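Written below as structure tokens is the structure these notes are about.
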Amino acid sequence: MSSHHGRKPVDPQVVVAEVVTTKQVTPHMMRVTLGGLDRFTPLGFDQWFRLFLQRSGQDMLRPPTRSSEWGWYLQYLATPRSRRPWVRNYTVRAARPDLGEIDVDFVIHADAEGSSGPAADFATTARTGDTVGLLDQGATYDPQHPHDWTLLVGDETALPAVAGICESLPADARGIAVVEVPTADDQQDFRAPSGVEVRWVARDETTGADAVPGQAALAEVRRLTLPDGVGSAYAAGEAGLATGVRRHLVAAGMPKAHITFLGYWRHGKPAAG
299 MSSHHGRKPV
309 DPQVVVAEVV
319 TTKQVTPHMM
329 RVTLGGLDRF
339 TPLGFDQWFR
349 LFLQRSGQDM
359 LRPPTRSSEW
369 GWYLQYLATP
379 RSRRPWVRNY
389 TVRAARPDLG
399 EIDVDFVIHA
409 DAEGSSGPAA
419 DFATTARTGD
429 TVGLLDQGAT
439 YDPQHPHDWT
449 LLVGDETALP
459 AVAGICESLP
469 ADARGIAVVE
479 VPTADDQQDF
489 RAPSGVEVRW
499 VARDETTGAD
509 AVPGQAALAE
519 VRRLTLPDGV
529 GSAYAAGEAG
539 LATGVRRHLV
549 AAGMPKAHIT
559 FLGYWRHGKP
569 AAG
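See the structure below:
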């Protein structure tokens, strides 16, 4: 659910990457460094990829071999369920092409029953040498219109995307980034142009409706006085946050074509297998 096509991947193919290291960067975020990615071209911004993970009980990882836009998916569906890997979408947090490495940040959280999803389980148990499949999908954010300022909004699932965009913006960029995280301890340092203000919203410091994921960031956006001139906006994370930001900006007069919005997940709904 994005208003434009973004930056296409340079050489999309399913590649096998190896876990190099893992590191818990904040209470709710685990960073996994993947290596062996000599054929991966970093694009910056919110570059994302399909991540293929071995399911428990499988003797080996069998990612699809086809990499066209839907060829991999048809091949995946044709694979017996017992042999299919898990597939999830993730964002490149940082890339070191000279080393063939990328960092990927995984939100670590448990639901009310105490269970977490396969990606979080992978991140918390990954060991050096474990293998995953990866299919580059390019970057979504690619404002084609001249603009004076940028607004970036996300929850913790979109923190890597917001950070990647901030680190890819021109040095003279102006704007605001609003990032909602579970607790104040989940704030991260990342490079942003001096003219871009990063505002953190801690969900556990809110009450009532704002305690629902994404709603505290949305409330912060509604309180903002938007800069003069032409803006470009990016909102990602929980679906209600992404659509709520878009609705607010359109009501404030921003053209829909100037807004990129992505619902990564929906509160109260489990991710599909």
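Taking our numbering, I'd label the letters of the sequence shown as residues 299 to 571. All C-beta atoms, glycine included, are put in the ideal place defined by N, C-alpha and C. Keep in mind it's a predicted model, so treat the numbers as computed, not measured.
Between which two residues does the beta strand (DSSP E) containing residue i stretch?
{"i": "residue 435", "result": "429 to 437"}
{"i": "residue 544", "result": "First-last for residue 544: 537 to 549, but that is the alpha helix (DSSP H), not the beta strand (DSSP E)."}
{"i": "residue 342", "result": "From DSSP, residue 342 is part of no beta strand (DSSP E); its letter is neither H nor E."}
{"i": "residue 320", "result": "312 to 324"}
{"i": "residue 384", "result": "384 to 389"}
{"i": "residue 426", "result": "Here residue 426 belongs to no beta strand (DSSP E), and DSSP marks it neither H nor E."}
{"i": "residue 479", "result": "472 to 479"}
{"i": "residue 559", "result": "557 to 563"}
{"i": "residue 329", "result": "327 to 333"}
{"i": "residue 393", "result": "392 to 394"}
Do residue i and residue j have their C-beta atoms closer together than 8 Å?
{"i": "residue 515", "j": "residue 451", "result": "yes"}
{"i": "residue 426", "j": "residue 319", "result": "yes"}
{"i": "residue 360", "j": "residue 383", "result": "yes"}
{"i": "residue 362", "j": "residue 370", "result": "yes"}
{"i": "residue 493", "j": "residue 398", "result": "no"}
{"i": "residue 484", "j": "residue 307", "result": "no"}
{"i": "residue 349", "j": "residue 386", "result": "yes"}
{"i": "residue 420", "j": "residue 351", "result": "yes"}
So residue i packs on residue j, CB below 8 Å; how close in whole Å?
{"i": "residue 486", "j": "residue 457", "result": "7 Å"}
{"i": "residue 474", "j": "residue 532", "result": "The pair is not a contact, with the Cβ atoms about 11 Å apart (cut-off 8 Å)."}
{"i": "residue 530", "j": "residue 441", "result": "4 Å"}
{"i": "residue 405", "j": "residue 418", "result": "7 Å"}
{"i": "residue 275", "j": "residue 330", "result": "Outside the displayed span of the chain (299 to 571) sits residue 275, for which this structure offers no information."}
{"i": "residue 347", "j": "residue 388", "result": "6 Å"}
{"i": "residue 480", "j": "residue 565", "result": "Not quite, the Cβ-Cβ distance comes to about 13 Å (not below 8 Å), so this is no contact."}
{"i": "residue 433", "j": "residue 312", "result": "5 Å"}
{"i": "residue 401", "j": "residue 539", "result": "Wrong, their Cβ atoms sit about 24 Å apart, outside the cutoff."}
Could you spell out the range, first to last residue, of the alpha helix (DSSP H) harbouring residue i?
{"i": "residue 462", "result": "457 to 466"}
{"i": "residue 403", "result": "It is not in any alpha helix (DSSP H) - residue 403 instead sits in the beta strand (DSSP E) that spans 399 to 405."}
{"i": "residue 528", "result": "Residue 528 -> no alpha helix (DSSP H), and no H or E assigned at all."}
{"i": "residue 369", "result": "369 to 376"}
{"i": "residue 497", "result": "No alpha helix (DSSP H) holds residue 497; the beta strand (DSSP E) holding it covers 493 to 500."}
{"i": "residue 379", "result": "No alpha helix (DSSP H) contains residue 379, which DSSP labels as neither H nor E."}
{"i": "residue 515", "result": "513 to 521"}
Give me, in chain order, the residues of the same chain whose beta-carbon lies closer than 8 Å to that of residue i; leave out the 5 immediate sequence neighbours on both sides.
{"i": "residue 300", "result": "Residue confidence is low: residue 300 scores 41 on pLDDT, short of 50, so the model does not pin down where it sits. No coordinate-derived value is stated."}
{"i": "residue 563", "result": "455, 535, 536, 537 and 569"}
{"i": "residue 446", "result": "472, 525, 526, 527, 528 and 529"}
{"i": "residue 314", "result": "334, 359, 361, 429, 430, 431 and 432"}
By Cβ distance, which residues of its chain are closer than 6 Å to residue i, with the 5 residues on each side in sequence left out?
{"i": "residue 345", "result": "390 and 437"}
{"i": "residue 490", "result": "464 and 496"}
{"i": "residue 461", "result": "488"}
{"i": "residue 403", "result": "327, 329, 391 and 458"}
{"i": "residue 302", "result": "Any answer about residue 302 is weak, because its pLDDT of 49 lies below 50 and its placement is not dependable; what the coordinates show is given next. For residue 302, where only same-chain residues beyond five positions count, there are no Cβ hits under 6 Å."}
{"i": "residue 373", "result": "362 and 364"}
{"i": "residue 322", "result": "328"}
{"i": "residue 499", "result": "478, 514, 515 and 518"}
{"i": "residue 305", "result": "341, 436, 437 and 440"}
{"i": "residue 470", "result": "none"}
Any idea which residues DSSP pairs residue i with across the strands?
{"i": "residue 447", "result": "529"}
{"i": "residue 420", "result": "None, per the DSSP bridge assignment."}
{"i": "residue 534", "result": "452 and 560"}
{"i": "residue 350", "result": "385 and 431"}
{"i": "residue 305", "result": "437"}
Looking only at its chain, what residues have a beta carbon closer than 7 Å to the beta carbon of residue i, apart from the 5 residues adjacent to it on each side?
{"i": "residue 598", "result": "This structure cannot settle anything about residue 598, because the visible part of the chain is limited to 299 through 571."}
{"i": "residue 309", "result": "337 and 339"}
{"i": "residue 519", "result": "451, 476, 543 and 546"}
{"i": "residue 502", "result": "480 and 481"}
Examine chain C for any beta-carbon lying closer than 8 Å to the beta-carbon of residue i, and answer yes or no.
{"i": "residue 536", "result": "In the structure shown, chain C cannot be found, because there is only a single protein chain."}
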